[in-house]
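Student: Heads up, the sequence shown is in my numbering, so the first residue is 1342 and it goes up one at a time. Ideal Cβ placement from N, Cα and C applies to all residues, glycine included. After the structure tokens below, expect a handful of questions from me.
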Amino acid sequence: MVKLTIRDRESIQEAVRRFRKLVERSGIKKEMRRREYYEKPSEIKRRAHLRAQRRNRRNRMMAETGAS
């Protein structure tokens, strides 16, 4: 949970800006987007598998070019 205390002589715009930064850093926004729609467990696994494949491919390419 994000808590924001208004500072002395702080304008509303500054407080809102600080609040947005706190929400962004805490990951609430990212979590909301992730939970916006139901995603089947098989889709989650599929996406994770594809992400791992891309990561492995990139690591392999970096190792090949770095070893030359």
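I need the straight-line Cα distance from methionine 1415 to arginine 1387, nearest angstrom please.
Tutor: The structure shown does not extend to residue 1415, since the chain is modelled only from 1342 to 1409, so the question has no answer here.
Student: Sorted by chain position, which residues of the same chain lie with C-beta nearer than 6 Å to glutamate 1365's C-beta, five sequence neighbours on each side aside?
Tutor: Result list for glutamate 1365: empty, nothing under 6 Å.
Student: Could you check what DSSP says for serine 1367 in three-state terms: helix, strand or coil?
Tutor: Helix at serine 1367.
Student: Could you round the C-beta distance between valine 1343 and isoleucine 1385 to whole angstroms and report it? I think they count as a contact, below 8 Å.
Tutor: The Cβ separation is near 26 Å, so there is no contact.
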